[in-house]
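Residue numbers (UniProt numbering), protein chains in the order written: chain F, 1 to 189; chain L, 1 to 320. Just so you know, even glycine gets a beta-carbon here, dropped at the ideal spot from N, CA and C. These figures come from a predicted structure and were not determined experimentally. What follows is a single structure, written as structure tokens, with notes after it.
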Amino acid sequence: MHGLVNRCIEVFLRSTYGNALWQEVAAETDVHPDGFLTWGNSPDGVTRSIVIASARRLDKSAGELLEDVGAWLSRQEQIRRLLRFGGASFEEFVESLRELPGRVKLVIPDLELPGFAVLSDARGRYRIIAESHQSGLMRVMAGMLRGMADDYGSLVIISVARDRIEIDVVLPDYSGRRRFELSPMQVRP
Amino acid sequence: MKDAVIDIRDLAALMPMHLMLDRAGVMVSRGRTLAKLLRGAVRLEDVFIPADNLGHRISFKDLFSHLGCGRRIFLQMRHHGDVSLRGHGVHVSPERAMLNLGFGICLSSAVQRFGLNDSDFPPSDLAMEFLFLHEANRAALLELSRVNIGLEEARESAQVLSITDPLTGLLNRRGFDIAFSRAFDQRDKRPFALVHLDLDHFKNINDEFGHAAGDRVLVGVASALASEVRSGDRVCRAGGDEFLALIFADWPAADSLNICKRIIGRIGSVEAGPGSGRISASIGIAVSDSKPAVLPHQLFELADAALYRAKISGRGRVAL
């Protein structure tokens with residue numbers, strides 16, 4: 001797995017549950033207690049064992065933990081902003097998700113985001129289907145989608161099963177939309 | 001298809017950065033986004049300074065006649081120095097010309113200055129991708145610089161550890177050798193004394209009082225040494241109960257003799273434990289301007305020979 005993926009899970013655990021939990025997980029999974037420094041690849045098994053070990057300590061399923069990672073990602077201002085470049089409304093955002101792997105590749109060429117298809121059979125209803133068996137990615141995406149629905153102020157029902165996500169936009173303009181200016185200079189609080 | 005007609009409002013939406021001009025410089029139609037920049041201005045020259053490829057100011061008449069033939073034109077905003085548009089144009093009739101403009105590299109400043117948002121850019125425009133990339137790049141660079149700082153700190157601490165004696169915090173032999181060879185190269189400019197210190201009967205302390213007591217003595221001796229030398233001098237635990245020091249002085253023989261006598265006095269107050277008696281040390285000194293020492297290892301041999309003389313002359317002494 002790309003070092004950034006491991007780094008993301010590490011920072012999520014540290015900032016959400018504190019350093020002590022991270023230290024326990026690192027000790028159990030034989031990861032350096034200082035965490036992931038470089039962007040180098042490590043075997044996928046390392047990522048998997050970190051997720052399993054921390055989910056067990058937090059009394060969650062691995063899927064729930066990954067959804068939390070996705071929701072947390074969507075709340076990180078830098079990442080939230082990059083995601084908001086996807087569209088002016090939540091629907092546009094979902095429709096632009098198929099461009100996400102390409103956008104990621106533009107910035108970090110060696111971060112391989114597995115492909116997925118976005119389908120729509122009715123207005124406001126979408127299905128995201130992973131191309132290969134990547135249940136972990138679908139969980140992270142489901143969490144991220146919930147976070148972004150919130151950001152766009154849309155009321156959305158999202159359900160996730162192994163390799164697919166079902167999205168039902170109930171009310172596109174349910175609550176206030178968070179501000180998004182193209183120029184980051186303007187959003188200084 | 002010369003007679004196709006497009007409604008002027010459709011044109012403003014389809015090409016939000018277009019400008020239709022007449023020969024007199026009046027802007028007869030403008031794209032939706034461009035309208036945000038122009039506010040209510042009527043004539044091109046009220047808002048823009050026309051320029052050529054090299055950025056040199058040209059008259060509107062020249063601009064108008066230069067249009068077409070694949071030439072680029074530049075329009076510097078009169079009241080916003082950081083925004084300059086570039087584009088090209090064609091004559092649609094002898095009296096009228098149409099320009100299509102873009103922000104080029106000034107995109108970020110224009111977005112900021114005029115509060116543009118994604119609906120201001122048509123889907124065919126790469127502006128959003130450019131802004132996304134600009135921001136994503138910055139985030140990636142920030143993360144990379146965190147990595148660099150982390151690696152730099154790790155390298156520094158590894159380097160310090162690799163030349164430090166873990167028990168006493170003095171230099172280890174490797175660190176001392178680096179300091180010594182540097183000092184030896186500059187001995188003509190900056191003379192120094194090489195001090196070789198060895199504790200007397202240290203083995204007995206380890207045997208009688210245990211290794212923990214032995215370690216305490218070594219730490220005590222290290223602090224005695226470190227507190228008597230001056231800043232800039234270097235002190236090392238070479239291994240076991242052997243210590244080395246570099247003392248820099250204009251008169252290295254006399255100065256180091258004084259310092260070493262004080263060191264021996266101070267070591268006398270280090271105790272291994274109750275009833276252990278006084279600790280003593282012997283010291284041999286060699287100075288960098290000694291005639292026989294022309295090679296680094298010869299200086300060590302001289303210091304070692306002096307230490308031997310100090311030991312046989314009754315221990316607890318300094319020999320030069």
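Problem set entry | Own chain, CB closer than 7 Å to L/V217, minus 5 neighbours either side, in chain order | I205, V270, A272 and I279
Exercise. Among the residues of its own chain, which have a CB less than 6 Å from the CB of F/R188, if the five just before and after it don't count?
Worked result: Reliability of the predicted coordinates at F/R188 is poor, the pLDDT of 43 falling under 50, and no value is obtained from them.
For this session: Tell me where the beta strand (DSSP E) around F/R125 begins and ends.
Result: R125 to A130
For this session: Identify the continuous alpha helix (DSSP H) that holds F/R57 and give its terminal residues.
Result: D44 to R57
Problem set entry | Of the listed residues F/A149, F/G176, F/E181 and F/S183, nearest to F/V170 (C-alpha basis) | F/A149
Exercise. What did DSSP end up calling L/M128 once you bin it into helix, strand or coil?
Worked result: helix
Exercise. Can you list, in chain order, the residues of its chain whose CB lies under 8 Å from that of residue 206 of chain F, leaving out five sequence neighbours each side?
Worked result: A question about residue 206 of chain F goes unanswered here, because the residues of chain F that appear run from 1 up to 189.
Exercise. Looking at chain F, which residues of the stretch 144 to 170 of chain L have a Cβ within less than 9 Å of any of its Cβ atoms?
Worked result: L144, R146, V147, G150, L151 and A154
For this session: Could you please tell me which residues of the stretch 77 to 99 of chain F, in chain order, have their CB closer than 7 Å to any CB of chain L?
Result: Q78, R81, L82, F85 and A88
For this session: Give the residues from the stretch 102 to 133 of chain L that approach chain F closer than 7 Å (Cβ to any Cβ), ordered along the chain.
Result: S108, V111, Q112, L116, N117, D118, S119, M128, L131, F132 and L133
Problem set entry | Per DSSP, the bridge partner or partners of F/I157 | F/D168
Problem set entry | L/V287: first and last residue of the uninterrupted beta strand (DSSP E) it sits in | A281 to V287
Problem set entry | Cβ separation of L/G68 and L/G87, assumed to be a contact under 8 Å, to the nearest whole Å | Rounded, the Cβ-Cβ distance is 13 Å, inconsistent with contact.
For this session: Taking only heavy atoms of the ligand NAD into account, decide whether any of them is closer than 8 Å to the Cβ of L/M20.
Result: Looking at this structure, you won't find the ligand NAD or any other ligand, since it has none at all.
Problem set entry | Stretch-stretch touch, CB-based, cutoff 8 Å, three pairs: the stretch 223 to 235 of chain L with the stretch 157 to 177 of chain L | yes
Exercise. Is the stretch 162 to 182 of chain F touching the stretch 4 to 24 of chain L, taking contact as three or more C-beta pairs under 8 Å?
Worked result: no
For this session: Identify, in the order they occur along the chain, each residue of the same chain with its Cβ nearer than 8 Å to the Cβ of L/R113, setting aside the five sequence neighbours on each side.
Result: H80, D82 and V83
Exercise. L/F74 and L/G55 look like a contact to me (Cβ under 8 Å); what is the Cβ gap, rounded to whole Å?
Worked result: 7 Å
For this session: Please name the residue in F/Q23, F/E92 and F/I9 whose C-alpha comes closest to that of F/A71.
Result: F/I9
Exercise. Does any residue of chain L bring its CB to less than 9 Å from the CB of F/I108?
Worked result: yes
Exercise. What is the rounded straight-line gap between the Cα of F/L13 and the Cα of F/G143?
Worked result: 15 Å
Problem set entry | Beta-carbon neighbours of F/T38, restricted to chain L and to distances below 7 Å | V147
Exercise. Taking three-plus beta-carbon pairs below 8 Å as touching, is the stretch 211 to 231 of chain L in contact with the stretch 184 to 193 of chain L?
Worked result: no
For this session: Given a cut-off of 9 Å, decide if F/T47 and F/V104 are closer than it, judged by their beta-carbon atoms.
Result: no
For this session: Hey, could you find the ends of the beta strand (DSSP E) L/M77 is sitting in?
Result: I73 to M77
Exercise. To the nearest angstrom, how far is it from the Cα of F/H32 to the Cα of F/W22?
Worked result: 10 Å
Exercise. Counting only beta-carbon atoms, is F/L13 nearer than 9 Å to chain L?
Worked result: no
For this session: With 8 Å as the limit, tell me which residues of the stretch 23 to 57 of chain L have their beta carbon closer than that to any beta carbon of chain F; keep them in chain order.
Result: none
Problem set entry | Contact set for F/S175: own chain, Cβ-Cβ below 6 Å, skip 5 residues either direction | G153
Problem set entry | Endpoints, the beta strand (DSSP E) within which L/P94 is located | Where L/P94 is concerned, there is no enclosing beta strand (DSSP E), given that its DSSP letter is neither H nor E.
Problem set entry | F/H133 to F/L155 span [Cα, whole Å] | 29 Å
Problem set entry | Sequence ranges, beta strand (DSSP E) only - wholly within the UniProt domain "GGDEF" (190 to 320) of chain L, length at least 3 | 192 to 199, 234 to 239, 242 to 248 and 281 to 287
Exercise. Taking contact to mean at least 3 C-beta pairs separated by less than 8 Å, is the stretch 58 to 65 of chain F in contact with the stretch 76 to 85 of chain F?
Worked result: no
Exercise. Is the Cβ of F/R75 closer than 9 Å to any Cβ of chain L?
Worked result: no
For this session: Measure the beta-carbon distance from L/I49 to L/R57 and round it to whole angstroms, keeping in mind my assumption that it falls under 8 Å.
Result: 6 Å
For this session: Take L/T164 as the anchor and find which of L/E156, L/R155, L/G175 and L/A154 has the nearest alpha-carbon.
Result: L/G175
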